[in-house]
Amino acid sequence: MRNHLLINILVFFFIFLPIGTIPLVAEEEPILTELRSSYLNLTISQVQSMSNISIRRKKAWGFYGHSTIQHEYETEIIADEKVVIDHATGLMWQQSGSYDYMKRKEVKKWLRGLNHKGYAGYTDWRMPTVEEASSLLEASEKNGNLYIDTVFDKKQRWLWTGDSCSSGGMWRVYFDDGYVDWGDVSLLFVRPVRKIK
Numbered sequence: 360m361r362n363h364l365l366i367n368i369l370v371f372f373f374i375f376l377p378i379g380t381i382p383l384v385a386e387e388e389p390i391l392t393e394l395r396s397s398y399l400n401l402t403i404s405q406v407q408s409m410s411n412i413s414i415r416r417k418k419a420w421g422f423y424g425h426s427t428i429q430h431e432y433e434t435e436i437i438a439d440e441k442v443v444i445d446h447a448t449g450l451m452w453q454q455s456g457s458y459d460y461m462k463r464k465e466v467k468k469w470l471r472g473l474n475h476k477g478y479a480g481y482t483d484w485r486m487p488t489v490e491e492a493s494s495l496l497e498a499s500e501k502n503g504n505l506y507i508d509t510v511f512d513k514k515q516r517w518l519w520t521g522d523s524c525s526s527g528g529m530w531r532v533y534f535d536d537g538y539v540d541w542g543d544v545s546l547l548f549v550r551p552v553r554k555i556k
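When we follow the working numbering, the leftmost residue of the sequence shown carries the number 360, and every step to the right adds one.
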């Protein structure tokens, strides 16, 4: 009796329901890699133990390494402005970043101008955290001689982050050699980022 009922139910579903309405294979939701977006004062050992990073060599001031995230980059032009969307992290990056390098104290003024202008229609651009900026480091040279994907402008070889170091200064990411360290007196570029809501 139970077998007969089960057969009737199965026959009903196959006859009266269109094939497209029965999910045969569940679609996988993409797994989003969440990266910290709030600024912190970090020690060297905290930065050296960040997740999603493979370290080639530790140094007294930081490390040489690369991200382990499988990025899903998409370039877009929004309001005549170039951006890179990373669907793996939920971040939107300015494709190029600052045209000129600047001292750390000049960065906030530059970002205020960018947000006042509404770059790509958004007003919440900020400096990346060291975790976010390090996520852009590639395992090998991909963009000329830089350790960053070719979707990004190669002019911005070195970036400031919004994170400070407990020893003083701010954390920085260097794409010309895949290096992360801290300092205060450098002239570096800014590649603004924002979270996709």
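For glycine and all other residues, C-beta sits at the position ideal for the given N, C-alpha and C.
- With respect to the 8 angstroms criterion, LEU391 and GLY456 are not classified as neighbours on the basis of their beta carbons.
- Cβ-Cβ distances below 7 angstroms link GLY528 to TRP541, GLY542 and ASP543 in the same chain, with the five nearest sequence neighbours on each side left out; the list follows chain order.
- Per the coordinates, the alpha-carbon of ASP445 lies some 20 angstroms from the alpha-carbon of TRP519.
- Contact between the stretch 408-428 and the stretch 473-486 is absent: fewer than 3 CB-CB pairs across the two stretches fall below 8 angstroms.
- About 18 angstroms separates the CB atoms of VAL466 and GLN454; that is not less than 8 angstroms, and the two are not in contact.
- Residue pairing by DSSP places HIS425 opposite SER413 in a beta bridge.
- For TRP517 and ILE555, the gap between their C-alpha atoms comes out near 24 angstroms.
- Around the beta carbon of LEU546, fewer than 16 other beta carbons lie within 10 angstroms, which makes this residue exposed.
- DSSP, read as helix, strand or coil, puts TYR398 in coil.
- A Cβ-Cβ separation of about 6 angstroms places THR488 in contact with SER396 under the 8 angstroms criterion.
- In terms of CA proximity to TYR506, TYR538 leads the group TYR538, TRP530, GLY477 and GLN405.
- Residue ARG485 holds the alpha-carbon nearest to the alpha-carbon of GLY472 among ASP535, LYS462 and ARG485.
- Note that the C-beta distance between ALA447 and HIS430 is below 8 angstroms.
- For TRP469, the enclosing alpha helix (DSSP H) stretches over residues 463-476.
- Of all alpha-carbon atoms in TYR460, GLN515 and TRP420, the one lying nearest the alpha-carbon of ASP535 is that of GLN515.
- Ranking LYS462, VAL532, ASP522 and TYR460 by CA distance to the CA of LEU495 puts VAL532 first.
- With distances taken between CA atoms, ALA419 lies nearest to ILE403 out of GLU433, ILE412 and ILE403.
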